[in-house]
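Those letters in the sequence shown? Residues 125 to 733, per the working numbering, in order.
Each residue gets a CB set at the ideal place from its N, CA and C atoms; glycine is no exception.
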Amino acid sequence: MGLIVQKYGGTSVGSVERIQAVAERIQATAQAGHAVIVVVSAMGKSTDSLVQLAHEISSNPSHREMDMLLSTGEQVTIALLSMALHERGQAAVSLTGAQVGIVTEAKHTRARILEIKTKRLERHLEEGKVIVVAGFQGTSRRNNSSDDVEITTLGRGGSDTSAVALAAAMQAECCEIYTDVPGILTSDPRLVSDAQLMAEITCDEMLELASLGASVLHPRAVEIARNYGITLVVRSSWTDQPGTRVTAPDPQPRALAGLEIANPVDAVEFDTDQAKVALLRVPDRPGVAAQIFGELADQALNVDLIIQSIHEGNSNDIAFTVRSSTLRQAESVAEHIAPALRSHPTATHEAEVQTASNVAKISIAGAGMIGRPGVAAGMFSALAAAGVNIQMISTSEVKVSCTVVAEDCDRAIATLCAYFEVTSSPARLDQRRTLPSPADLPSVRGAALDLKQAQLAIRYVPDKPGLAARIFQILAERGISVDMIIQSQRSRPHHGQMTRDIACTVSQDHADLAREVLQAAAAELGYGEVSVNGAIAKVSVVGVGMIHRPGIAAAMFKSLAKAGINIQMIATSEIKISCVVEQEQGVQALRVVHSAFDLAGVKTVEIPA
Ligand code: ADP
Ligand code: ASP
Ligand code: MG
Numbered sequence: 125m126g127l128i129v130q131k132y133g134g135t136s137v138g139s140v141e142r143i144q145a146v147a148e149r150i151q152a153t154a155q156a157g158h159a160v161i162v163v164v165s166a167m168g169k170s171t172d173s174l175v176q177l178a179h180e181i182s183s184n185p186s187h188r189e190m191d192m193l194l195s196t197g198e199q200v201t202i203a204l205l206s207m208a209l210h211e212r213g214q215a216a217v218s219l220t221g222a223q224v225g226i227v228t229e230a231k232h233t234r235a236r237i238l239e240i241k242t243k244r245l246e247r248h249l250e251e252g253k254v255i256v257v258a259g260f261q262g263t264s265r266r267n268n269s270s271d272d273v274e275i276t277t278l279g280r281g282g283s284d285t286s287a288v289a290l291a292a293a294m295q296a297e298c299c300e301i302y303t304d305v306p307g308i309l310t311s312d313p314r315l316v317s318d319a320q321l322m323a324e325i326t327c328d329e330m331l332e333l334a335s336l337g338a339s340v341l342h343p344r345a346v347e348i349a350r351n352y353g354i355t356l357v358v359r360s361s362w363t364d365q366p367g368t369r370v371t372a373p374d375p376q377p378r379a380l381a382g383l384e385i386a387n388p389v390d391a392v393e394f395d396t397d398q399a400k401v402a403l404l405r406v407p408d409r410p411g412v413a414a415q416i417f418g419e420l421a422d423q424a425l426n427v428d429l430i431i432q433s434i435h436e437g438n439s440n441d442i443a444f445t446v447r448s449s450t451l452r453q454a455e456s457v458a459e460h461i462a463p464a465l466r467s468h469p470t471a472t473h474e475a476e477v478q479t480a481s482n483v484a485k486i487s488i489a490g491a492g493m494i495g496r497p498g499v500a501a502g503m504f505s506a507l508a509a510a511g512v513n514i515q516m517i518s519t520s521e522v523k524v525s526c527t528v529v530a531e532d533c534d535r536a537i538a539t540l541c542a543y544f545e546v547t548s549s550p551a552r553l554d555q556r557r558t559l560p561s562p563a564d565l566p567s568v569r570g571a572a573l574d575l576k577q578a579q580l581a582i583r584y585v586p587d588k589p590g591l592a593a594r595i596f597q598i599l600a601e602r603g604i605s606v607d608m609i610i611q612s613q614r615s616r617p618h619h620g621q622m623t624r625d626i627a628c629t630v631s632q633d634h635a636d637l638a639r640e641v642l643q644a645a646a647a648e649l650g651y652g653e654v655s656v657n658g659a660i661a662k663v664s665v666v667g668v669g670m671i672h673r674p675g676i677a678a679a680m681f682k683s684l685a686k687a688g689i690n691i692q693m694i695a696t697s698e699i700k701i702s703c704v705v706e707q708e709q710g711v712q713a714l715r716v717v718h719s720a721f722d723l724a725g726v727k728t729v730e731i732p733a
């Protein structure tokens with residue numbers, strides 16, 4: 125029988141009794157004839173306590189010292205678990221990341237794994253020992269000097285990533301993630317009491333869910349599982365239930381060297397069968413998006429990208445793309461709704477419909493862009509350098525999509541393939557979209573909430589190619605990752621030139637720094653005020669089948685409207701829809717969306733069949 129990697133999270137090893145229970149399970153696996161490598165987290169909430177201690181001493185502790193401190197948590201667990209195994213008569217040895225030879229980049233507090241040395245692991249397995257490895261940590265060499273070995277950590281929640289990386293390096297049969305819930309549920313059971321367990325979920329869906337706030341798996345762990353075809357299972361360490369299997373397509377063969385730092389972009393995708401409709405100056409009140417997309421869904425019009433930008437005064441811009449052949453129909457729906465929006469008492473300006481045919485959507489996709497600032501900025505600067513003007517931008521953690529005029533499509537693709545060194549042929553999404561949909565693909569598989577983001581708004585950005593690129597480069601240079609980038613559709617004159625607003629979300633920890641560095645560049649780049657709103661929540665739904673079914677976005681917006689929740693920003697990809705709402709309404713928004721899609725077995729809004 126083959127090798128199994130088992131990872132136990134903090135709660136699963138949170139007490140002496142829990143460590144003993146875990147030891148029993150590990151021994152049973154070994155006695156069934158498997159070789160076993162175990163990865164553990166720090167006990168209970170001890171990493172949080174260490175962070176707290178550090179902040180009592182310093183408001184801005186050095187990242188190197190933070191790694192020295194936080195890596196101790198896991199070292200406690202490996203020793204205790206090893207002792208518990210010895211007590212049961214099971215041969216076992218504990219190893220830190222450094223002792224294994226988990227080599228990472230020299231980036232303290234967020235290092236990516238470069239390589240895992242397998243020699244010592246193989247030797248201990250041959251000796252018949254269970255190996256207990258400290259998760260979340262590795263080592264790097266400072267200045268490439270062989271003497272200056274440094275301890276690094278992979279970022280909070282990183283033990284999942286240690287486990288899957290070990291499974292890849294050791295070619296394990298499977299990697300089991302043991303945690304305090306029965307598996308992956310349709311939403312966080314702490315927030316949504318009727319969340320349901322899923323038997324299976326695809327890696328693509330899990331990547332989105334994990335990066336949109338479902339903390340049950342570290343997104344980088346899912347990325348490695350997908351890239352190396354690791355069988356990944358999430359289960360409870362309290363029961364023998366089978367849990368959730370995260371499924372991956374057969375991977376392309378790839379080297380283990382540079383494990384986590386392969387190309388950030390895996391694929392360039394395009395779709396030339398797109399047309400754009402923009403509704404400018406629609407009132408900023410609950411129900412507007414629901415009304416627009418509800419009417420489109422009633423006419424069975426399938427909407428692809430949707431973006432809604434920051435509002436100025438009390439009006440919003442909403443833009444979306446549809447298949448070219450349905451542009452006229454979509455336009456007439458929009459024209460039909462516009463007067464109703466116009467007459468609303470809160471509308472200060474007239475709503476206006478703009479359309480553009482001959483639009484192409486171009487995307488870069490890849491799990492490698494998670495937490496790696498600069499990928500979106502790289503895309504924007506490469507396009508700007510090639511003279512391609514970007515109309516709409518919509519992002520998720522694993523994809524950035526832009527619309528451009530159709531004539532620029534070939535040039536844009538060639539530029540992006542060269543810039544990101546993508547050698548596979550660009551994927552035609554318009555063809556994929558017309559394929560018959562497998563009947564059993566769920567439109568919405570799960571819902572997630574992220575309460576840790578802040579919204580950054582940059583006003584009056586001159587409407588010139590290359591400015592979005594500069595803005596996101598400035599953030600990337602400071603190590604700030606951005607999510608949900610949205611450029612307003614409306615341009616307006618300011619000091620004699622046409623300008624647009626740009627908004628994005630960044631993690632709350634980075635929000636003040638982001639505002640500072642952008643404000644400092646405002647005079648040079650010619651834009652106006654930069655503001656931060658930390659009181660936001662991002663609620664998202666994910667499902668691989670949504671691309672084939674009209675009405676999913678409408679159903680989400682309708683459920684939020686019904687609950688009186690206003691949507692501040694919208695961004696979509698083929699398999700997810702995210703809305704930014706007021707922070708105080710975040711949990712309620714998650715719950716209404718969860719029940720709207722029948723995720724707990726009770727449907728509250730009509731979703732077209
Ligand atoms: P561990 O310490 O085992 O790594 P985590 O706290 O990191 O555990 O992750 C498990 C937690 O993830 C659960 O207790 C649950 O509250 C949360 N969670 C968020 N979204 C989901 C989801 N979709 N399915 C299951 N759990 C989720
Ligand atoms: N102990 C670390 C944390 O709490 C890593 C982990 O548990 O995955 O973030
Ligand atoms: Mg975790």
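What residues match up with M693 in a beta bridge as DSSP calls it?
V704
Assuming S433 and D441 make a contact with CB atoms under 8 Å, what is their CB distance in whole Å?
5 Å
Check whether the Cβ atoms of A713 and I676 sit closer than 7 Å, and answer yes or no.
no
What number of angstroms, rounded off, separates the C-alpha of A549 from the C-alpha of D390?
Sequence check: residue 549 is Ser here, not Ala. Approximately 11 Å between the Cα atoms of the pair.
How many angstroms separate the CA atom of Y302 from the CA atom of S165?
Going from the Cα of Y302 to the Cα of S165 covers about 11 Å.
For F394, the first and last residue of its enclosing beta strand (DSSP E):
391-407
Short check: CB of T228 to CB of I240, under 7 Å?
No, these two residues do not count as a Cβ contact at 7 Å.
I'd like to check one pair, V477 with Q398: are the Cβ atoms closer than 7 Å?
Contact flag unset, no.
So, helix, strand or coil for H718, using DSSP?
helix
Does any heavy atom of ligand 5 sit closer than 6 Å to the C-beta of G669?
By its list of ligands, the structure shown excludes ligand 5, since it contains just ligand 1, ligand 2 and ligand 3.
So, is V522 buried or exposed, given that buried needs 16 or more other C-beta atoms within 10 angstroms?
buried
How big is the Cα-Cα spacing for L599 and V257?
35 Å
Would you kindly report the start and end of the unbroken beta strand (DSSP E) that includes D304?
That residue, D304, is in no beta strand (DSSP E); it is neither H nor E in DSSP.
Spatial neighbours of R803 within its chain, please: CB distance less than 6 Å, with the 5 preceding and 5 following residues excluded, ordered by chain position.
Nothing in the structure corresponds to residue 803, since the chain is present only between 125 and 733.
What span of residues does the beta strand (DSSP E) with P617 cover, start to end?
616-618
Do you know offhand how far L193's Cα is from R639's?
Answer to the nearest angstrom: the Cα atoms are 30 Å apart.
Beta-bridge partners of F444, as assigned by DSSP
Per DSSP, V401, I430.
For G169, the three-state DSSP class (helix, strand or coil):
In the sequence on display, residue 169 carries Lys and not Gly. If DSSP states are grouped into helix, strand and coil, K169 belongs with coil.
Considering only the alpha carbon of each residue, which of D532, V305, E455 lies closest to T363?
V305
Is V546 helix, strand or coil when you go by DSSP?
coil
Enclosing beta strand (DSSP E) for M670 [first to last residue]
M670 -> no beta strand (DSSP E), and no H or E assigned at all.
Throw me the rounded Cβ distance for the T396 and C533 pair, which I believe falls under 8 Å.
6 Å
Can you list, in chain order, the residues of its chain whose CB lies under 7 Å from that of L209, leaving out five sequence neighbours each side?
Taken in chain order, the residues that qualify are A147, I150, Q151, A216, V254.
Bridge-paired residues (DSSP) for D607:
T629
DSSP three-state label for K727, please.
Residue confidence for K727 is low, a pLDDT of 47 falling below 50, so the modelled location carries little weight; the figure read from the coordinates is stated next. Coil.
Proximal residues to V568 (C-beta, below 6 Å), its chain only, five neighbours per side dropped:
Excluding sequence neighbours, V568 sits near V665, G667, F721.
Return the chain-ordered list of same chain residues with a C-beta closer than 8 Å to the C-beta of A618, the five sequence neighbours on each side being excluded.
Residue identity check: residue 618 is His in the sequence provided, not Ala. Same-chain partners within the cutoff: Y584, G652.
How many angstroms separate the CA atom of T285 from the CA atom of G418?
41 Å
Closest Cα partner of A349 within the set R369, L336, Q613:
Closest in C-alpha terms to A349, from the list R369, L336, Q613, comes R369.
Report the residue ranges of all alpha helix (DSSP H) runs contained in full by the region 262-299; include only those spanning at least 4 residues, in chain order.
283-293
Taking 7 Å as the threshold (C-beta atoms), are A338 and A572 in contact?
yes
Let me check one thing: in DSSP terms, what residues is G73 bridge-paired to?
Because the chain is modelled from 125 through 733, residue 73 falls outside the range shown and cannot be assessed.
For H179, count neighbouring C-beta atoms within 10 Å of its own C-beta (all shown protein chains included) and say buried if the count is 16 or more, exposed if not.
exposed
Could you say which of V606, G279, M670 lies nearest to T171 if we only look at CA atoms?
G279
Could you tell me how far apart the beta carbons of P497 and S631 are, in whole angstroms, since I believe they sit closer than 8 Å?
So it is not a contact: roughly 11 Å between Cβ atoms.
Using DSSP bridges, identify the partner residues of E601.
Partner(s): none; E601 has no beta bridge.
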